[in-house]
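The next block holds one structure in the form of structure tokens; read it before the comments.
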Amino acid sequence: MTITPAPVLPLPPTPPLPPAAVAVHRPSVVLPEHQITQEEIISALGDHFARIPHVERGLDLMRSTTVRTRSLVAGLPAMLAPRSFGHRNAHYRTEAVRLGSAAAEQALAHAGVGPAEIDAFVFVSCTGYALPGPDAYIAQEIGLRPTVRRTPIQQLGCAAGASALAEAYHYLLGRPDAAVLVVAAELSSLSFQPEQHSLSDFISNGVFGDGAAAAVLRRADPGTTGFRIHGVRQHLLPDSQSVITGSTTEDGFHFRTDPRVRATVPKVIPEIDAFLAELGWHPGDLDFCVSHTGGPVIMDGVEEGLGLRPGTLRHSRESMARVGNTSSVSVFDVLRRHHEDGSPEHGSQGLIVAFGPGFTTEILAGTWHDGAAAAADGD
Numbered sequence: 032m033t034i035t036p037a038p039v040l041p042l043p044p045t046p047p048l049p050p051a052a053v054a055v056h057r058p059s060v061v062l063p064e065h066q067i068t069q070e071e072i073i074s075a076l077g078d079h080f081a082r083i084p085h086v087e088r089g090l091d092l093m094r095s096t097t098v099r100t101r102s103l104v105a106g107l108p109a110m111l112a113p114r115s116f117g118h119r120n121a122h123y124r125t126e127a128v129r130l131g132s133a134a135a136e137q138a139l140a141h142a143g144v145g146p147a148e149i150d151a152f153v154f155v156s157c158t159g160y161a162l163p164g165p166d167a168y169i170a171q172e173i174g175l176r177p178t179v180r181r182t183p184i185q186q187l188g189c190a191a192g193a194s195a196l197a198e199a200y201h202y203l204l205g206r207p208d209a210a211v212l213v214v215a216a217e218l219s220s221l222s223f224q225p226e227q228h229s230l231s232d233f234i235s236n237g238v239f240g241d242g243a244a245a246a247v248l249r250r251a252d253p254g255t256t257g258f259r260i261h262g263v264r265q266h267l268l269p270d271s272q273s274v275i276t277g278s279t280t281e282d283g284f285h286f287r288t289d290p291r292v293r294a295t296v297p298k299v300i301p302e303i304d305a306f307l308a309e310l311g312w313h314p315g316d317l318d319f320c321v322s323h324t325g326g327p328v329i330m331d332g333v334e335e336g337l338g339l340r341p342g343t344l345r346h347s348r349e350s351m352a353r354v355g356n357t358s359s360v361s362v363f364d365v366l367r368r369h370h371e372d373g374s375p376e377h378g379s380q381g382l383i384v385a386f387g388p389g390f391t392t393e394i395l396a397g398t399w400h401d402g403a404a405a406a407a408d409g410d
């Protein structure tokens, strides 16, 4: 007797798993003690570069940045004085550890997490060099476990703050019970070059400020208020390495931003749109956006390119005005302002986006979670 096997029916397609949400606890931001107005800096540089033919054009560019105040690790006389690379770098090592440790301790307090509970530590900075890096000193200064997994990132510039959050997100996907600390420390004023006076230098001298920031990330829990990451994407624009560059001389680091950056941001908007489409989102769904403070033209490019409502980037613009472009620290300062003034509605969709050398774009898509609202709704 021949037995005919029963037909094998195809299994129904497995529905895609929803993206795991990772909560970013309220960030902390620590600024150095020397707060300087933009007019004070413009006046000082006007005197310093008085014999340069294009000085007035350079000072006008500084005035157009919308920056009103900045915080520096040293006063103006010290910033303008000639200093060796070794002197600058020694100052960087000291201040990056001091400010970074203070920001980390505040972030742990915001999250209600003890240092011994941190499993991974991501540190980002591009304005100095140390070996071992500041992360090793900060880890011991604040009492992290000797077995904590440290990941220092140095060369992603302004994008690095968002990149640190993305690294923490990836770590937490595989370790749902872990906690990750991210710290950014940038001391751009130590890179001031007393003999460099191109128009690009005037723009840099008109926007960059010093500071440190930190945040704790964990897999989302109902009581955590803040940004919840649902997906991340990093994009490297081909043939764009010369748009944002840096060099090292006997006097220290020298950063240069090419005017082409204005036309570069629109080129990556389609990549942001495509990433949102993979999540089933559309730019028109975005209720908020944490954009790094690259400058008015950069923020205009984000707002217009994504079709955001006017005022969506008000926290980014306010951060730019009050502390300048603090490089990798900036997204933390902007995110902090979302906690303090007009938080997004519970469940609203938004982005964290930052740009850096490469030309690198870091994108984090997520929602805003209000712990009190969730408790009231029984979520």
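Numbers given in our numbering equal positions in the sequence shown, counted from 1, plus 31. All residues carry an ideal CB built from backbone N, CA and C; glycine is no exception.
In this structure, residue 386 and residue 190 form a Cβ contact; the two beta carbons are roughly 6 Å apart against a cut-off of 8 Å. For residue 125, the enclosing alpha helix (DSSP H) stretches over residues 116-142.
Linking residue 296 to residue 58 through their CA atoms gives a straight-line distance of about 26 Å. For residue 243, the secondary structure class from DSSP, reduced to helix, strand or coil, is strand. Residue burial annotation: residue 87 is exposed, with fewer than 16 other C-beta atoms found within 10 angstroms of its C-beta. With respect to residue 349, residue 367 sits apart: the two C-beta atoms are not nearer than 8 Å. Taking one beta carbon from each stretch, the stretch 195-205 and the stretch 71-82 have fewer than 3 pairs nearer than 8 Å; the two do not touch.
The alpha-carbon separation between residue 52 and residue 380 amounts to approximately 13 Å.
Rounded to whole angstroms, residue 318 and residue 331 show a C-alpha spacing of 16 Å. For residue 252, the three-state secondary structure derived from DSSP is coil. Exclusion of the five residues before and after residue 110 leaves 103, 220 and 223 as the residues of its chain whose Cβ lies within less than 7 Å of its Cβ. Within the DSSP bridge table, the entry for residue 376 names no partner.
In terms of CA proximity to residue 352, 237 leads the group 395, 237 and 391.
The beta carbon of residue 128 sits closer than 7 Å to those of 165, 168, 169 and 172, all from its chain and outside the five residues before and after it, given in chain order. The shortest CA-to-CA distance from residue 91 to any of 176, 210 and 232 is the one to 232. By the Cβ neighbour-count rule, residue 392 is buried, with 16 or more other Cβ atoms within 10 Å of its own. Only exposed fits residue 230, as fewer than 16 other CB atoms lie within 10 angstroms of its CB.
Relative to the Cα of residue 175, the nearest Cα in the group 362, 149 and 374 belongs to 149.
Spanning the alpha carbons of residue 97 and residue 239 requires a straight line of approximately 12 Å. Leaving aside the five residues that flank residue 288 on each side, the residues in its chain whose CB is nearer than 7 Å to its CB run, in chain order, 231, 234, 235 and 275. Per DSSP, residue 69 is one residue of the alpha helix (DSSP H) stretching across 69-79. One Cα belongs to residue 320, the other to residue 82, and the distance between them is close to 43 Å. Going by DSSP, residue 333 is part of the alpha helix (DSSP H) stretching over 327-336.
Cβ contact annotation for residue 292 (same chain, cutoff 6 Å, sequence separation greater than five): 274, in chain order. Nearest to residue 265 by C-alpha distance, out of 307, 251, 244 and 115, is 307.
Its Cα nearest to that of residue 268, the residue 299 stands out among 284, 277, 299 and 257.
A direct Cα-Cα distance of roughly 14 Å separates residue 270 from residue 294. Where residue 192 is concerned, the enclosing alpha helix (DSSP H) starts and stops at 191-205. Distance check between residue 142 and each of 252, 396 and 279 places 252 closest, using alpha-carbon atoms only.
According to DSSP, residue pairing for residue 217 in a beta bridge involves 242. Per DSSP, reduced to three states, the secondary structure at residue 390 is coil, with no helix or strand assignment. Taken through DSSP and simplified to helix, strand or coil, residue 101 comes out as strand.
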